[in-house]
Amino acid sequence: MSEEDNIISCPSCSKKIPMTKVNSHLDTCLSGTQNTLKTALSGRVKKPFGLSRRAMSTVIPSTKTAKTNAFTRSMTLDGMSNVKLQSQNTIEHVEEIKDEILLSDNENGNIDETPKKSEYETKFDDPEYLEKIKDLPLYEKLKPQCLKTYIGQDHLLNKKTGILYKHLSSTPSTIPNMILFGPPSIGKTSLITVLLNELNTRSTCKWKIYSFSGVSLSIPDLKKTIEQTVKSYQNWRIKSIIFIDEIHRLNKLQQDSLLKICELGHARLVGCTTENPSFKINDSVLSRLNVFVLNEYTREERWRMFELIKKVQTHYLPRITFQSEDQEREIFDTVIGISRDNRRFISLYENLYLYCLDGNKDSHSYITVDKMKEMTKSNAFKNVMYYNTDTHYELISAFHKAVRGSDTNAALYYMFKMLKHGCDPLYICRRMIRIASEDIGILNNQALIFANSTYDSCMKLGMPESDVILAHCCVMLCESPKSVKVYRAMNKIKTALDENSIYRDGDVPYHLRNAPTKLMERLGYKKDYKYNPDYKDGVIPEGQDYFPDSFYNENLDNTDKTYLNEMKHVYDNEKHLG
168 MSEEDNIISC PSCSKKIPMT KVNSHLDTCL SGTQNTLKTA LSGRVKKPFG
218 LSRRAMSTVI PSTKTAKTNA FTRSMTLDGM SNVKLQSQNT IEHVEEIKDE
268 ILLSDNENGN IDETPKKSEY ETKFDDPEYL EKIKDLPLYE KLKPQCLKTY
318 IGQDHLLNKK TGILYKHLSS TPSTIPNMIL FGPPSIGKTS LITVLLNELN
368 TRSTCKWKIY SFSGVSLSIP DLKKTIEQTV KSYQNWRIKS IIFIDEIHRL
418 NKLQQDSLLK ICELGHARLV GCTTENPSFK INDSVLSRLN VFVLNEYTRE
468 ERWRMFELIK KVQTHYLPRI TFQSEDQERE IFDTVIGISR DNRRFISLYE
518 NLYLYCLDGN KDSHSYITVD KMKEMTKSNA FKNVMYYNTD THYELISAFH
568 KAVRGSDTNA ALYYMFKMLK HGCDPLYICR RMIRIASEDI GILNNQALIF
618 ANSTYDSCMK LGMPESDVIL AHCCVMLCES PKSVKVYRAM NKIKTALDEN
668 SIYRDGDVPY HLRNAPTKLM ERLGYKKDYK YNPDYKDGVI PEGQDYFPDS
718 FYNENLDNTD KTYLNEMKHV YDNEKHLG
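Each residue of the sequence shown is one higher than the one before, starting from 168 at the first, in this note's numbering.
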């Protein structure tokens with residue numbers, strides 16, 4: 168097609184110009200005209216509403232790129248924020264010119280009307296994509312970008328009952344103000360990325376994310392961001408997500424500044440936390456947010472992740488495979504046992520692949536159970552495999568039982584084994600506080616005070632100076648007399664309240680009720696109550712009932728009477744031991 172055949176009229180001045188020179192001509196032609204469309208709110212010049220982002224792209228054919236798709240050769244007017252258009256007629260003229268050019272290109276075969284679909288089911292099947300991310304750690308490579316590749320949290324994302332999926336599927340597609348609460352490495356940040364991508368795929372308007380950390384976020388930064396979101400929505404109809412990781416790290420004043428975000432229609436506040444929001448977030452903020460709990464991965468979900476790891480690693484290390492399916496499953500069980508969080512789970516497999524890699528480029532290597540055990544027992548891993556794994560709970564359980572059994576030597580052994588492997592000493596302190604009440608109880612009431620003092624001392628001193636204090640408390644608990652009388656009585660009462668309606672549903676007797684008003688007094692509240700200090704030794708000769716009146720109902724059958732009579736003396740009937 169010659170240059171003479173590509174002559175068009177300028178949408179502004181109607182001058183005949185070659186289509187290849189439209190860009191430079193428009194820059195000159197439109198620079199001095201008046202803009203009659205101004206922002207109602209701020210008075211600033213912005214893109215006219217008649218020109219959408221898509222409508223302001225004029226497709227320009229070029230002889231050099233005639234074989235390429237016409238949409239890759241567009242002259243975009245989005246960046247021309249100061250373009251002055253004289254009237255709505257000019258806007259319509261631009262649309263007509265664009266349609267003519269598109270039609271011309273279509274007739275010449277430059278536009279493929281059939282949209283191209285990816286031949287790969289997910290990005291992890293695309294070799295080109297995998298090559299682009301080859302330098303990233305395995306954990307980063309596996310990060311999902313859409314719901315199809317996101318693993319876990321089915322209670323939030325399934326199509327039937329998942330509340331987040333319901334929000335995404337609504338019209339218009341959206342998400343609520345929310346906090347994602349879950350343990351580390353459960354997929355909170357990845358879920359935000361997936362939700363953002365899904366919004367931009369499903370919604371007619373675009374969404375933008377502003378990411379912050381609760382550690383470093385300041386109130387001025389937050390106010391500036393809120394102003395930016397308002398301008399983005401007013402000028403370009405772009406909605407925003409303000410994402411705050413570790414939101415529990417914000418102080419009370421910073422949290423109060425979040426209230427404005429929750430009331431903006433064009434922005435959403437999303438926070439992530441590993442701490443219970445009920446204790447860390449202001450009630451005023453919490454009342455405006457949905458709190459979604461992210462569950463730990465099930466075995467089936469971990470297996471899906473394992474299959475994805477194999478698929479990705481096969482691309483990069485095709486010469487390494489598992490020796491057999493039985494070995495594969497045994498290794499999978501081993502890795503699950505020593506890695507509760509996803510990052511450690513993935514990291515172990517990444518290291519395992521490299522550990523089994525043979526130096527010979529032409530040889531084939533196999534991942535076996537023996538190599539797995541060999542790797543985990545090496546000096547590089549033996550001191551870091553412990554924390555937050557099944558072994559952690561096994562050791563603390565053994566420690567508790569050794570103290571209960573008054574075996575001082577075994578208790579000290581398990582305590583210092585945990586400390587050596589990096590266990591938080593305050594965790595051990597909290598367990599000893601529990602032991603002081605559960606296993607020692609009223610036979611040594613000072614044990615609970617001593618255990619609490621140990622916690623305070625460890626807080627003040629830290630490690631390693633607190634080691635002797637921990638040992639001191641451990642020995643004291645081991646050598647104290649043991650009593651489970653309180654513990655057993657408590658459990659029987661809790662069970663009865665859960666299982667027996669007669670025991671659970673009794674009302675407080677009128678003589679035991681408080682009567683802060685005259686009306687309550689007239690209704691009989693606190694009437695006939697006997698004040699114990701008014702009697703010698705605090706003993707009321709005729710006695711006083713403290714259980715609900717239903718406990719003394721003579722019309723109950725013998726079984727219920729016997730049961731209630733036992734429960735009225737449940738603590739008295741318990742023994743310290745045996």
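Quick reminder that beta carbons are idealized off the backbone N, C-alpha and C, glycines included.
Query	Result
Cα-Cα separation, TYR464 to ARG597	27 angstroms
Residue environment, VAL361, which counts as buried when at least 16 other CB atoms sit within 10 Å	buried
Alpha-carbon to alpha-carbon, ASP701 and ALA682	20 angstroms
Three-state class that DSSP yields for VAL653 in the structure shown	helix
Proximity below 8 angstroms, CB of THR440 to CB of GLU413	yes
Entirely enclosed beta strand (DSSP E) segments - the segment 427-497, minimum 3 residues	434-440, 457-460 and 487-489
Under 8 angstroms between C-beta atoms of CYS640 and ALA618	yes
CYS645, buried or exposed, once every other Cβ within 10 Å from all chains shown has been counted against 16	buried
Nearest-angstrom beta carbon gap, GLN490 and THR535 [assumed within contact, 8 angstroms]	5 angstroms
Backbone secondary structure at PHE714 - three-state DSSP	coil
Start and end residues, beta strand (DSSP E) containing TYR377	374-380
Nearest-angstrom beta carbon gap, LEU562 and LYS544 [assumed within contact, 8 angstroms]	That pair is no contact at about 18 angstroms.
Distance between beta carbons of SER573 and ILE607, contact taken as under 8 angstroms	10 angstroms between Cβ atoms; not a contact.
Cutoff 8 angstroms: LYS477 Cβ touching any chain D Cβ	Protein chain content of the structure displayed is limited to a single chain, and chain D is not contained in it.
For VAL642 and THR575, believed in contact at Cβ under 8 angstroms, the rounded distance	6 angstroms
DSSP three-state assignment for MET186, whether helix, strand or coil	helix
Beta-carbon proximity of THR392 to ILE405, cut-off 8 angstroms	no
Per-residue burial, GLN613 [other beta carbons within 10 Å of its own, 16 or more giving buried]	exposed
CB contact flag (LYS427, SER399, <8 angstroms)	no
Option in LYS355, TYR677 and GLU741 with minimal Cα separation from VAL458	LYS355
Nearest candidate by alpha-carbon position, reference ARG496, set ALA638, LEU731, ASN611 and LYS477	LYS477
Enclosing alpha helix (DSSP H) for PHE512 [first to last residue]	509-522
beta-carbon CYS313 near the ligand MG non-hydrogen atom, thresh 7 angstroms	Among the components modelled here there is no ligand, and therefore nothing to report on the ligand MG.
Close beta carbons around PRO294, own chain, < 7 angstroms, minus the five adjacent residues each side	HIS482
Cβ distance (whole Å) where SER407 is taken to contact THR396 below 8 angstroms	4 angstroms
Rounded Cβ spacing between PRO160 and SER633 (contact assumed at less than 8 angstroms)	The displayed coordinates of the chain run from 168 to 745. Any statement about residue 160 would go beyond what the structure contains.
Continuous beta strand (DSSP E) stretch holding LYS703: start and end	Element bounds for LYS703: n/a, residue is neither H nor E.
CB of ARG435 within 8 angstroms of CB of ASN344, strictly	yes
Assigned exposure category for ILE359 - 16 Cβ within 10 Å defines buried	buried
Residue burial classification, THR621 (beta-carbon count within 10 angstroms, cutoff 16)	buried
Alpha-carbon to alpha-carbon, LEU347 and LEU389	20 angstroms
Classification of LEU420 by the beta-carbon crowding that lies within 10 angstroms, buried from 16 upward	exposed
Residue range of the unbroken beta strand (DSSP E) whose run includes ILE346	345-348
One or two residues paired with ILE408 in a DSSP bridge	ILE376 and ARG435
Residue(s) in a DSSP beta bridge with ILE174	PRO185
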